[in-house]
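Q: Everything in the sequence shown is counted per my numbering, starting at 24 for the first residue and increasing by one. Here a beta-carbon is modelled for each residue, glycine too, at the ideal position from N, C-alpha and C. Since the structure is predicted, the reported quantities are computational estimates derived from the model, not experimental observations. Once you've had a glance at the structure underneath, I'll fire off some questions.
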Amino acid sequence: MSSYLSEHPNEVVILDCQHFYAFTDDTHATLIGMLKNAFNTTLLPYAGSLSSWSLSSLNDNNYQVILIYRESVQTSETFLWPSSSYPTPWYNTMNSTYLLSSLDTGLSTRSNSNGYISQCVLTPGVNDILTNLLSTLKQKCAVDFESSRTAWILEQEPGANGVNVIIGDFVDLSDDVFIMLM
Numbered sequence: 024m025s026s027y028l029s030e031h032p033n034e035v036v037i038l039d040c041q042h043f044y045a046f047t048d049d050t051h052a053t054l055i056g057m058l059k060n061a062f063n064t065t066l067l068p069y070a071g072s073l074s075s076w077s078l079s080s081l082n083d084n085n086y087q088v089i090l091i092y093r094e095s096v097q098t099s100e101t102f103l104w105p106s107s108s109y110p111t112p113w114y115n116t117m118n119s120t121y122l123l124s125s126l127d128t129g130l131s132t133r134s135n136s137n138g139y140i141s142q143c144v145l146t147p148g149v150n151d152i153l154t155n156l157l158s159t160l161k162q163k164c165a166v167d168f169e170s171s172r173t174a175w176i177l178e179q180e181p182g183a184n185g186v187n188v189i190i191g192d193f194v195d196l197s198d199d200v201f202i203m204l205m
């Protein structure tokens, strides 16, 4: 990724590090050190708010990486953005209507001084899995949801109470239309 960023100096990536299973303080320190070595001066220092930054100002200052680290660790590194700086609500539902309504509510009530990640992801429960043993997660959580997800994305606007980041599963559907919408 650091090679890609070197070759594309106007690109900005957000690395969202979470789900640190069986990590120790030493493991965290090793990972943080590796990330620091890989991205060095391109890491945007945590500033408490994103409201003073735009893609243009990031480019002007040669910052290309926002590193969200969703674990409280004892470190003096200033480039780690805490979880609160980029909320990512997970609605844990297979109901697409509920999910899209919740995403709209989340956007309309979010803080505009922080980033915001809209998880456009359906999540199957045990009952969903057991009643669809002859199907796939891709079919039930993405293919059947693709047209609704695409329509929702097309309705979105960036800016105040708008989208910053949208994530989804199986984004390769429909000739990568999910990626092209961005």
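Could you name each continuous beta strand (DSSP E) segment of 3 residues or more that falls completely within the region 57-143, going from the start of the chain to the end?
A: Counting whole runs of 3 or more residues, the region 57-143 contains the beta strand (DSSP E) stretches 88-92 and 140-142.
Q: Hey, out of Ala174, Asp192, Val96 and Leu177, whose CA is closest to Gln142's CA?
A: When only C-alpha atoms are compared, the closest one is Asp192.
Q: Between which two residues does the alpha helix (DSSP H) holding Asp167 run?
A: No alpha helix (DSSP H) holds Asp167; DSSP gives it neither H nor E.
Q: Which value, in whole angstroms, describes the spacing of the CA atoms of Ser107 and His42?
A: Straight-line Cα distance between these residues: approximately 15 Å.
Q: Would you check if there are 3 or more beta carbon pairs closer than 8 Å linking the region 115-135 to the region 94-105?
A: Segments in contact, no.
Q: Are the beta-carbon atoms of Val35 and Phe62 separated by less than 8 Å?
A: No; because the gap between Cβ atoms is not below 8 Å, this pair is not in contact.
Q: Among Asp49, Thr65, Lys59 and Met57, which residue has its Cα nearest to the Cα of His31?
A: Of Asp49, Thr65, Lys59 and Met57, the residue nearest in Cα terms is Thr65.
Q: Just mark Tyr92 as buried or exposed, buried being the case when its beta carbon has 16 or more other beta carbons within 10 Å.
A: Flag for Tyr92 reads buried.
Q: Can Asn82 and Asn33 be called in contact, C-beta distance under 8 Å?
A: Taking 8 Å as the Cβ cut-off, Asn82 and Asn33 qualify as a contacting pair.
Q: Thr159 to Asp127, Cα distance in whole Å?
A: If I take the Cα positions, the gap works out to 28 Å.
Q: On the DSSP letters alone, give me the boundaries of the alpha helix (DSSP H) that Asp151 sits inside.
A: Taken as a continuous stretch (DSSP letters only), the alpha helix (DSSP H) holding Asp151 covers Val149 to Leu153.
Q: With distances taken between CB atoms, is the gap from Pro181 to Ile140 smaller than 8 Å?
A: No, these two residues do not count as a Cβ contact at 8 Å.
Q: Taking the alpha carbon of Asp39 as the reference point, which residue from Asp167, Glu178, Pro105 and Arg133 has its own alpha carbon closest?
A: It is Pro105.
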